[in-house]
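Numbering-wise, the sequence shown is residues -23 to -1, 1 to 400 according to mature numbering (1 follows the signal peptide of the UniProt record, and there is no 0). The beta-carbon is built from N, C-alpha and C at its ideal position, and this holds for glycine as well. Predicted model only: the values in this text are computed from it and were never measured.
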Amino acid sequence: MKKVMLKTTISLAVAMASTQIFASGFAINEQSISGMGTGFAGRSSSADDASTIFGNPAGMSRIKREQVTGGIAMLDAHTDISHASSSPNGGSNDGDMVPFIAVPMGYYVKPIDDKWAFGVGVYAPFGLVTDYENGFAGRYFGSKSEVKIVTLQPTVSYAFNDKVSIGFGPTINRIDGTLESNLSITQSQPDGKVKIKGDDTALGYNIGVLVQATDSTRVGLTYHSKVKYKLDGDTKVNYNVLGLIGQNPSQKYDASLDLTTPESVDFSVTHQLDDKWTLYAGSTWTRWSRLKEITVENKGVPAVLNGQFGTITEEQNWHDTWAHAIGASYQLNKQWVLRTGLSIDQAPTNNVDRSPRIPTGDRKIFSVGAGWSPTDDLTIDLAYSYLREESVKVNNSNDRGQTYNAKYENYANGFGLGATYRF
């Protein structure tokens, strides 16, 4: 029982890990459409538009006109599942568990004077939706997950001179999650359901420094803080398969789960080669090793079920990751700039603890994009990314003899559309 429950409850924390997101773990990279076009190389040093509020808040010092930047990134993800086996035998392995995803973003920056600038951003730093088909062979280890984190970031920047600037923004972060798994005691009994819901609001911060090292080269460093959540909600268990609670087919318990999203450090370089070409490079370190284990506390559980549904802990043993990216842009003419980039991103999971909710491996992402400025006041950005992960294996079992083993191959297409308007 413990293993089945855990594969559901931990999804509030780690089912956000995704085959459908273009960053490792359960992070989302899509906070900028212009940055998406270069594979997010130079994210903390480019400061091309108001989305620098996320990339590097110090970059607001380079924005000389009041402006609004907004956009949406859309993701079409696919998974091929092969070599699958399960106990009890049977069940499907379609792999179509990721619906079409849309990730919006919006930013506003207003220069106050030659030194100070103010801005505010709304974006999604983490999130996931997965929904396996009915009868999925691995349903006892995860069937459905929907988790969203939305961040509001008011931000200020200060330029010491024309070479060095800093920026800081507190983040107000809202997390909501709804997760489901199937539940069964024996192969002869029909499946029940376990459903968990929880939410919380927590604070963090982003801080950055931007240095114009030479006339043609900028370097940037950004720190995104950890955020500690305590998700309060409920666990609902359908007891039709248990026969332990009289005539009541289901019970609901108060549930809580502590979760810390990891801090990250992004360092990047932007180099203007000439009046046409600009080169970008960057690396991001993320402290995923914070996710060693997940513990869920359920209150009010009857004594007969306390061993299964009281306090539940499962090890995850994630490790820290590095992501690296290179990119370039070409100023075709006054109206058009073309972009491209290549990213390599480590997965924080390991071969022992990987589950159907987090069947991810190391990934490579190729990106292209363009910016069109029909006037000096308006720029429209387009981007496309193709992601492919290394194939990985899932090997799950629980103390009731249920197992699920399979090979996962994940790939995805990402599309971005955004605009910047200058006042």
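Less than 8 angstroms between C-beta atoms, sequence neighbours within five positions excluded: which residues of the same chain meet that for Q189?
D139, K140, V141, R195
Three-state secondary structure (DSSP) at I30?
helix
R316 versus A54: straight-line alpha-carbon distance, rounded
23 angstroms
Which runs of the beta strand (DSSP E), 3 residues or longer, sit entirely within the segment 33 to 65?
Within the segment 33 to 65, the runs of beta strand (DSSP E) at least 3 residues long that lie entirely inside it are, in chain order, 44 to 64.
W299 versus R267: straight-line alpha-carbon distance, rounded:
15 angstroms
Using a 10 Å radius around the Cβ and a threshold of 16 neighbouring Cβ atoms, would you call Q379 buried or exposed?
So Q379 counts as buried.
Separation of L355 from F137, as counted between CA atoms
Looking at the two C-alpha atoms, the distance is approximately 29 angstroms.
Where does S122 land, buried or exposed, given buried means 16+ other C-beta within 10 angstroms?
buried
Spatial neighbours of V371 within its chain, please: CB distance less than 7 angstroms, with the 5 preceding and 5 following residues excluded, ordered by chain position.
R331, S332, P333, P336, Y381, N382, A383, Y385
Could you give the residue range of the beta strand (DSSP E) that holds S260?
254 to 263
Can you give the Cα-Cα distance for E43 and Q249, rounded to whole angstroms?
Answer to the nearest angstrom: the Cα atoms are 24 angstroms apart.
S120 and M37 - do their beta-carbons sit closer together than 8 angstroms?
no
Within its chain, find whatever has a CB closer than 8 angstroms to the CB of W265; leave out the 5 residues flanking it on each side and keep chain order.
S1, G2, P239, W295, H296, D297, T298, P325
Do you know whose CA, among W313, T128, Y200, D91, lies nearest T263's CA?
Y200
What first and last residue would you give for the alpha helix (DSSP H) that runs through M82?
That residue, M82, is in no alpha helix (DSSP H); its beta strand (DSSP E) goes 78 to 88.
Of all the options F17, S9, Q8, A4, which has the alpha carbon lying nearest to the alpha carbon of S344?
Minimum Cα distance to S344 is reached at F17.
Note the first and the last residue of the continuous beta strand (DSSP E) segment covering G14.
From DSSP, G14 is part of no beta strand (DSSP E) but of the alpha helix (DSSP H) over 10 to 14.
Using 8 angstroms as the cut-off, can you tell me whether the segment 105 to 119 makes contact with the segment 86 to 95, which would need three or more C-beta pairs spanning the two stretches below that distance?
No contact exists between the segment 105 to 119 and the segment 86 to 95.
Alpha carbon to alpha carbon, how far is N387 from R365?
Taken atom to atom, the span from the alpha-carbon of N387 to that of R365 is near 6 angstroms.
So what does DSSP say about F118, is it helix, strand or coil?
helix
Exposed or buried, what is I89 when buried is set at 16 or more other beta-carbons lying within 10 Å of its beta-carbon?
exposed
How big is the Cα-Cα spacing for S306 and E274?
50 angstroms
CB-CB length for E7 against V80, believed under 8 angstroms:
Their Cβ separation, rounded to whole angstroms, is 5 angstroms, which keeps E7 and V80 in contact under 8 angstroms.
Tell me whether the beta-carbon of G181 lies closer than 8 angstroms to the beta-carbon of V214.
no
Quick one: measure Cβ to Cβ for R39 and A27, integer angstroms, because I've assumed they're closer than 8 angstroms.
11 angstroms between Cβ atoms; not a contact.
Alpha-carbon spacing of G223 relative to K276, whole angstroms:
Since pLDDT at G223 reaches only 48, below the 50 mark, its modelled position is unreliable, and the value read off the structure follows with that caveat. Looking at the two C-alpha atoms, the distance is approximately 20 angstroms.
In this structure, does DSSP put T397 in helix, strand or coil?
strand
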